[in-house]
Amino acid sequence: MVVVGVGHYDFKLFRKWYFQSVSVSGPTVVKLYQWAATRRDIFSQQFCEIFSHLHTRATPHSWEETRNILNRVMPEWKSHLIVDLDDDDDDDGN
0 MVVVGVGHYD
10 FKLFRKWYFQ
20 SVSVSGPTVV
30 KLYQWAATRR
40 DIFSQQFCEI
50 FSHLHTRATP
60 HSWEETRNIL
70 NRVMPEWKSH
80 LIVDLDDDDD
90 DDGN
């Protein structure tokens, strides 16, 4: 990333502001930047290092919490699924 006419200190502040802006921009934007951070063949190493923190700073939550959120905001979400997510089978495909 090249910022013309900006000193090192200002650039560090800009990077911090930019990262924080992306971090609070919603799950779709965060997911896009998480993906971009893995593409060192497309983006600079510095960009990838900065936004790789979106992977490590993600707050995990349980499937139960996800299901509760989906039930609250989109009650018909299960009708859009191809696979039954409530299956008690193991993940080994049996």
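In numbering that gives the first Met the number 0, the protein residues as written are 0 to 93.
All C-beta atoms, glycine included, are put in the ideal place defined by N, C-alpha and C.
Residue burial classification, residue i (beta-carbon count within 10 angstroms, cutoff 16)
i   : result
F50 : buried
L69 : exposed
L53 : buried
Y17 : exposed
Assigned secondary structure, residue i (DSSP; H/G/I helix, E/B strand, else coil)
i   : result
T37 : coil
G92 : With a pLDDT of 49 at G92, under the threshold of 50, the predicted position of this residue should be treated as unreliable, and no value is reported.
V82 : coil
P26 : helix
T58 : coil
Host alpha helix (DSSP H) of residue i (start-end)
i   : result
F50 : 44–50
T65 : 62–72
Proximity below 8 Å, CB of residue i to CB of residue j
i   : j   : result
S22 : V29 : yes
Residue i CB to nearest heavy atom of the ligand ZN below 7 Å
i   : result
S24 : Absence of the ligand ZN from the depicted structure is noted, as is the absence of any ligand whatsoever, leaving it without description.
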